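Residue numbers (the working numbering), protein chains in the order written: chain A, 2 to 332; chain B, 1139 to 1643.
What follows is the structure, given as structure tokens:
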């Protein structure tokens, strides 16, 4: 008993260290980039960095909650793409943007509910379900908009999505994101709902026996994830002034890599939103630096993929090492 | 310490003044013990008394800090479990770990199957060697059957056969009966007797005292890491043994108070879940403890799960204090005043990686809230309050529950549910696998709750517990309620007769 509790203490500490290690790593990468990467520190680049990272950051908010509860949603990028495509198609039909946006958001909720119902009502694994809907939603996006690119959205919306506050490098869009981040932090770390997500992720059966409404909570999470993905799709189309069926392709890879990099346990039940967001901006900064160094987009995907594997591997190796050390210490 | 009745054979394995510390914790202090061939020797002690450390020392997992292990009278040093196995010492754990997709024979001869030419595995030889082992144990198990789907009892028998295939002369059985039914225990004991007659020395660990008296001749008792006594069981009573283990007189193991039963609290009417249980009706009144007995698999746990809402029922209804419960909704059952302490505390009762505080807090997520946010102060004081009231032994309330002993984990589960102020409490195997001191505490608690007007439904496979605690005994047999027996008529015979379908209900 003495040895195992020691090992557990070390294990707990190593997870916390992983969290803060990512924060430290982010600071180090930023400092090095300011010092050694040409063009990193200028205002225009910083606003690019933030603007390009915002879609990842936005989707990472509900994704963190979802992974903590032991589920995952791979269809987020397709939901974002579908939402952008529907927005473009309806705009071509002559609808006003004020009507289109609520419709797209509702569509996102429906996409999320479909995932959620398949997972909670039929008991299917979310990994499999959302690989399926990832393909399906993207396919529908292509049916809706074909290979068109819609670019002529109203200027004030484009300006908001791409613009910066005064002379600073801070994009307007960062402000609503910070509000959403604050809400997500409070929900995950300070409400009964968030508390129960940790319990569900750590042991769904024990959560059910404690009277928690596991299925309902998961369904809500999937719906919110769909909503956020669709919001991201709208932002994407406006930010890049282009609604295409293949918008945000591969976004799910970045989001999941960033969230896991930030110390969210893939098996559920562990992690903090602070860590996840540090992971997001670490990944964003790396992608930005690679772009400045003329690393091709394909190579960047390779790096993201490797990071994903490493971020799943890292905490586990750390845990194994500390367990082995504890076992040796206990003799 | 000398062997009184049987001066003939020498001990096959002996411990002499063994001490072992982990950091500042002295797990074993000057413990001595002798195991003789052809004898079943019990190792008794509460959780934390040092039984596990002693077993691991014998099995070569731990090396003692001081003292000697003597094999056939000669000192030996085990550098690892392999050394102990080669010396003929085998440990059978409570939950065996077989490869589910391999056959029984393959599991037994894993990694050392008889070979034919070109290194091919000789399946025929493996099969016949396994069949021979099974004959030696006097059991019928098909060597080619996959391990998947074997009962825990059969898995243990496979482990025993495996031990024999290594020519084990000393078998250490660590709580082998904890997860077995009555008939499985009887079968296991048959195997143990066969081993004994064939000259094996068996060290037997069990929390069920009656089993110790049934199968063992000698007993060594540990308390807080220290050797208390090694003595023949003949002439001892269960109370004597308990006194050795806890170092004081237990007030009583079954401190049941007489309580005047009040209004009906829980009413289950014609409840049916197809293929699982059928037409189950009963009532529990405020102040009553009703025992629910029956063999494992008779449907007791399944009824409890359905009543609480974990599983849906197909027909019937459940009422708690006049409120009809919604089918399949634990949250409404909780709101109506129902609590369920489930059978499997590690998988169902607790989130093992969560703190004591938060585990108790899980049932209070609706109450320890201010303005929609968690009220951490209220959560902590609620958890501390109940942890203290139930005398949970822990270092810090923020420690994860997997650092606690089984008995303390069970207290956390009870704390978690008592904190909801239940009017009806269902407890499923409330004392399984916990030491006798904690067991008495749990019984006293249940008795006090009943005295305070809580209606208690107690499911248990521990017949003395049912007989000692229950005002009435309900007995299930093959998914149906077979009998309802008042306290005055409840005996082992009447309950077992109903549980095995021999009684006219």
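We put the beta carbon where it would ideally sit given N, CA and C, even for glycine. Quantities reported herein were computed from a predicted structural model and do not represent experimental measurements.
Cβ distance (whole Å) where residue i is taken to contact residue j below 8 angstroms
i              : j              : result
residue 1489/B : residue 200/A  : 5 angstroms
residue 1313/B : residue 1345/B : 7 angstroms
residue 193/A  : residue 1556/B : Not a contact, Cβ separation roughly 20 angstroms.
residue 1299/B : residue 1246/B : 6 angstroms
Beta-carbon proximity list for residue i, same chain, < 6 angstroms, skipping 5 on both sides
i              : result
residue 1454/B : 1407, 1408, 1409, 1410
residue 1095/B : Residue 1095/B lies beyond the residue range present for chain B, which begins at 1139 and ends at 1643; the question has no answer from this structure.
residue 1420/B : 1406, 1612
residue 79/A   : 135, 138, 139
residue 1317/B : 1290
residue 312/A  : 261, 262
residue 5/A    : Residue confidence is low: residue 5/A scores 49 on pLDDT, short of 50, so the model does not pin down where it sits. No coordinate-derived value is stated.
residue 220/A  : 117, 121
residue 314/A  : none
residue 1589/B : 1395, 1397
residue 1392/B : 1581, 1606, 1607
For residue i, the three-state DSSP class (helix, strand or coil)
i              : result
residue 1353/B : helix
residue 1377/B : helix
residue 1503/B : coil
residue 1265/B : helix
residue 28/A   : helix
residue 1179/B : strand
residue 1451/B : coil
residue 170/A  : coil
residue 1141/B : Caution applies to residue 1141/B, whose pLDDT of 48 falls short of 50 and renders its modelled position unreliable; the value that the coordinates give is listed next. Three-state DSSP puts residue 1141/B in coil, outside helix and strand.
residue 1310/B : strand
residue 4/A    : Unreliable placement is indicated for residue 4/A, whose pLDDT of 45 sits below 50; the coordinate value is still reported in the next sentence. Residue 4/A falls in the helix class under three-state DSSP.
residue 83/A   : helix
residue 1616/B : coil
residue 1560/B : coil
residue 1360/B : strand
residue 10/A   : Bear in mind that a pLDDT of 49 at residue 10/A, under 50, signals an unreliable position, so the model cannot answer this.
residue 1155/B : strand
residue 1320/B : helix
Cβ shell of residue i (< 7 angstroms), same chain only, five flanking positions each side left out
i              : result
residue 1567/B : 1481, 1597, 1598, 1599
residue 130/A  : 116, 119, 120
residue 26/A   : 283
residue 101/A  : 88, 91, 92
residue 216/A  : 121
residue 1212/B : none
residue 251/A  : 78, 302
residue 1461/B : 1474
residue 1554/B : 1497, 1498, 1500, 1501
residue 1282/B : 1241, 1243, 1265
Nearest neighbour of residue i, chosen from the options [CA to CA]
i              : options                        : result
residue 98/A   : 153/A, 73/A, 52/A              : 153/A
residue 1429/B : 1520/B, 1604/B, 1412/B, 1183/B : 1604/B
residue 204/A  : 309/A, 242/A, 271/A            : 271/A
residue 256/A  : 55/A, 24/A, 21/A, 105/A        : 55/A
residue 71/A   : 31/A, 166/A, 198/A             : 198/A
residue 1530/B : 1565/B, 1576/B, 1517/B         : 1576/B
residue 1523/B : 1510/B, 1549/B, 1544/B         : 1549/B
residue 49/A   : 289/A, 296/A, 307/A, 321/A     : 289/A
residue 1593/B : 1546/B, 1188/B, 1610/B, 1602/B : 1610/B
residue 1250/B : 1459/B, 1304/B, 1328/B         : 1304/B
residue 1640/B : 1151/B, 1230/B, 1564/B, 1621/B : 1621/B
residue 264/A  : 277/A, 253/A, 105/A            : 277/A
residue 1586/B : 1426/B, 1147/B, 1184/B, 1217/B : 1426/B
residue 81/A   : 150/A, 244/A, 287/A            : 244/A
For residue i, the first and last residue of its enclosing alpha helix (DSSP H)
i              : result
residue 1602/B : 1601 to 1607
residue 152/A  : Note, residue 152/A: premise wrong, no alpha helix (DSSP H); not H, not E.
residue 131/A  : 127 to 146
residue 1233/B : Per DSSP, residue 1233/B belongs to no alpha helix (DSSP H) and is neither H nor E.
residue 156/A  : 156 to 163
Residues of its chain near residue i, where Cβ-Cβ distance is below 8 angstroms and the 5 sequence neighbours each way are ignored
i              : result
residue 1537/B : 1493, 1494
8 angstroms Cβ cut-off: residues of chain D touching residue i
i             : result
residue 197/A : Considering every chain present, this structure includes no chain D. Its protein chains are A and B.
Residue range of the beta strand (DSSP E) that includes residue i
i              : result
residue 1544/B : Unbroken run through residue 1544/B is the alpha helix (DSSP H), 1544 to 1556; no beta strand (DSSP E).
residue 1593/B : 1593 to 1597
residue 1171/B : 1163 to 1173
residue 1410/B : 1402 to 1411
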